[in-house]
Structure formats: structure tokens, C-alpha cells
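Reading the sequence shown from the start, the letters are residues 107 to 232 in this note's numbering.
Glycine residues also receive a C-beta, built at the ideal position from the N, C-alpha and C atoms.
This report concerns only the one structure given below.
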Amino acid sequence: MYPLDEIRLEGLRVFGRHGVFAHERENGQDFVVDLTLFVRADTAARSDDVMDTVHYGEVAEAVAQIVAGEPVNLIETLAQRIADRVLAFSGVQIVRVTVHKPQAPIAQKFADVSVTITRGDAGAGS
């Protein structure tokens, strides 16, 4: 059996109202999501049919709905919600989710704050 293949979606920018502080929920901010979907792409590669792969446009829409939806305190929670939803797509065996919060309320200058989680079947692809 082949090792798992990857579909990547990077830099999905969505406005959300997540955070511990009231002003974060009131004013909102952009969140940026990077996804790596671990899949078996060999069937799709042979058939050249979108029905044999994970439709990354549909994944992007589902993730955007989560980020724009119900607020949570922590980006860890947001990342978990995203992972749970992406794993529900047929063919996704493992997902790596990074949620960036570039306007996090930190007094010091910084380039980025992010949380990365990996979820799914650790034995997949073997």
C-alpha cells in the first residue's frame, strides 16, 4: 500500500469573533487557516474524476462556516472543530489544522500566533 498523499489548502482567511476578551467577540478579526488533508489520491489520479477525491472547494466552504460561526474562547477549540468537520469528508484519513490569529491581543510586536493540531487515524496509509 502507498503512503498517504496530501491535499493542502493554505491561507484561508475568514472573519470570526473568537477570543477570551469581550472586545475580540464584539469587533472580530481575521483568522487564517492552513489545512493538510492526508488522503489516498491514487484512485482519483487514475480516474481523473472529482468524485474520486476530496473536493477542496467544499472543504474550504465548510471550514469558513466554522470560523465565521459560533465564537469560542480558544483557537485550540476552533482547530478541533475544524478537524472534526474535515475528518467527516469521505477520503480524509488524517488532517493537520493550523489556525493563525495574526491580530491576537498581545502587547509585544509579533509576526503570528498559531496553533497546529493533527487528528485522524494514525495507522492510515500503512
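From the listed residues Ile188, Val219, Lys207, Pro211, the smallest Cα separation to Thr142 is found for Ile188. Val156 sits away from Ile113, with the two beta carbons spaced by 8 angstroms or more.
Taken through DSSP and simplified to helix, strand or coil, Thr204 comes out as strand. A residue is called buried once 16 or more other Cβ atoms fall within 10 Å of its Cβ, and Glu132, having fewer, is exposed.
In this model, Pro211 and Pro109 are separated by some 40 angstroms (Cα to Cα). Taking 8 angstroms as the cut-off, the Cβ atoms of Gly122 and Val173 count as close.
Around the beta carbon of Leu184, 16 or more other beta carbons sit within 10 angstroms, so the residue counts as buried. Scanning Ser196, Asp148, His129, Thr149 for the CA closest to the CA of Val165 turns up Ser196. According to the DSSP assignment, Ile113 belongs to the beta strand (DSSP E) that extends over 111-122. Given a length threshold of 4 residues, each whole run of the alpha helix (DSSP H) inside the stretch 121-149 is given here in chain order: 128-133. Residue pairing for Gly226: DSSP places it in a beta bridge opposite Ile200. Considering only Gln186, Gln171, Gly175, the residue with the shortest C-alpha distance to Arg202 is Gln186.
Looking at the DSSP output, Val221 bridges to Val205.
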